[in-house]
Ligand SMILES: Nc1ncnc2c1ncn2[C@@H]1O[C@H](COP(=O)(O)OP(=O)(O)O)[C@@H](O)[C@H]1O
Ligand SMILES: [Mg+2]
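Numbering (UniProt numbering), first residue to last: 1 to 339.
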């Protein structure tokens, strides 16, 4: 088995005709009513529309049986980007590799947008490793609507504020392309720091609220270069109309001379910080038309260590419940010199 998702399991299988390994996403349709069955067909239809790009898993075949629906696609045997970031060293400190991975992901998403498909669930779990290449999968939440009102559709860490109903003022709909750009911003932070910037981009999130009050907040808690800070501020822009376009975002990332600065140059030792990307995998929610998202995320209490030159950044996440008890919540970041 390659993975288990919200709606089914993904298995690997050998195709005797092509003599290739294939991934088969199996979705049980027993007991599903007609609209829900149509929903599975929708995923396959949108995946087929964008299939053929080098950074999107090719969908080779779709098989519908009485009790199951199968999508047969390219198979990645090295796991997904989430495992790569959290279990296999990740990309911290590897700017060239980050540029390569990010430009592949951005290229895949640009291709989707050019075909009128908006993914809506961009996250490392849906990006599969193929050596130095990555391929996008999981079009289960994708849409062809350029303007959407499916609030809460996606996974908590990656949700844009407008997709949760708006941060400053309530919105009745939002731009699907700009919403994907926001998720790519979170993925870039995952790649560069092995962490999430916040648990959820909403008012009750302490780290996100601190960022809204002071757009340089992430740079004060992470060893982020000025160049990356400027890019990130233009991506995590609350107004989707003023947010960087995907093409400009990709261009700026490629042109960035350094994503990080030595950890010792952080000006302050903050009391709260971002969430480790090693938090549990985030289940996607299909969202509710006309309502705001309400799912609470959880973080792992396990400290994670990232090495920056001679220094090590130790990140301790605390119990998520502290927030509701009115205590100091969030994550402590301490810098310890290895020298
Ligand atoms: N083509 C593939 N090759 C290798 N692993 C895959 C492939 N597609 C999916 N997976 C793995 O299976 C997991 C679940 O698949 P996904 O399509 O994302 O299902 P869901 O819609 O339920 O999230 C992914 O997070 C990934 O780890
Ligand atoms: Mg998925």
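Glycine residues also receive a C-beta, built at the ideal position from the N, C-alpha and C atoms.
Judged by their CB atoms, residue 139 and residue 81 are not nearer to each other than the 7 Å cut-off.
Counting only runs that start and end inside the region 33-92, the alpha helix (DSSP H) elements of at least 4 residues fall at 34-50, 81-87. Residue selection by CB proximity (closer than 5 Å to any heavy atom of ligand 2) returns 5, 126, 138 in chain order. The beta carbon of residue 212 lies closer than 8 Å to those of 167, 238 in the same chain, with the five residues before and after it left out. Annotated three-state conformation of residue 192 is helix, per DSSP.
When distances are taken from the beta-carbon of residue 115 to the heavy atoms of ligand 1, even the shortest one reaches 6 Å or more. Three or more beta-carbon pairs separated by less than 8 Å link the region 50-58 to the region 130-144, which places the two stretches in contact.
Of the heavy atoms belonging to ligand 1, none sits nearer than 6 Å to the Cβ of residue 52. Residue side-chain check: residue 80 places its Cβ nearer than 6 Å to a non-hydrogen atom of ligand 1. With fewer than 16 neighbouring CB atoms inside 10 Å of its own CB, residue 96 falls in the exposed class. In this structure residue 76 is in contact with residue 128, their Cβ atoms being roughly 4 Å apart against a cut-off of 8 Å.
In this structure, the straight-line span from the alpha carbon of residue 36 to that of residue 6 is close to 14 Å. No heavy atom of ligand 1 is found nearer than 6 Å to the CB of residue 91. One alpha carbon belongs to residue 260, the other to residue 49, and they sit about 37 Å apart. For residue 26, the pairing in a beta bridge is given by DSSP as 9, 70. Placement of the Cβ of residue 153 at a distance of 6 Å or more from every heavy atom of ligand 1 is found. Checking the DSSP bridge columns, you'll see residue 143 partnered with 118.
Under the three-state reduction of DSSP output, residue 158 falls in the helix class. One Cα belongs to residue 161, the other to residue 112, and the distance between them is close to 22 Å.
Residue 242 and residue 153 have their C-alpha atoms spaced approximately 22 Å apart. When distances are taken from the beta-carbon of residue 27 to the heavy atoms of ligand 1, even the shortest one reaches 6 Å or more. In this structure, the straight-line span from the alpha carbon of residue 285 to that of residue 180 is close to 15 Å. A distance criterion of 6 Å places the beta-carbon of residue 21 beyond contact range of ligand 1, judged by its closest non-hydrogen atom. For residue 130, the enclosing beta strand (DSSP E) stretches over residues 127-130. With a 10 Å radius around the Cβ and a threshold of 16 neighbouring Cβ atoms, residue 183 comes out buried. Collapsing the DSSP output to three states places residue 216 in coil. Counting other Cβ atoms within 10 Å of its Cβ, residue 124 reaches 16 or more and is therefore classed as buried.
Secondary structure at residue 16: coil, using DSSP grouped into helix, strand and coil. Collapsing the DSSP output to three states places residue 211 in a helix. DSSP places residue 249 in the helix class (H, G or I) of the three-state scheme. For the options 245, 214, 215, the alpha carbon positioned closest to that of residue 107 is the one of 245.
In the DSSP assignment, residue 228 falls within the unbroken alpha helix (DSSP H) covering 226-235. Residue pairing from DSSP places residue 136 in a beta bridge opposite 56, 127.
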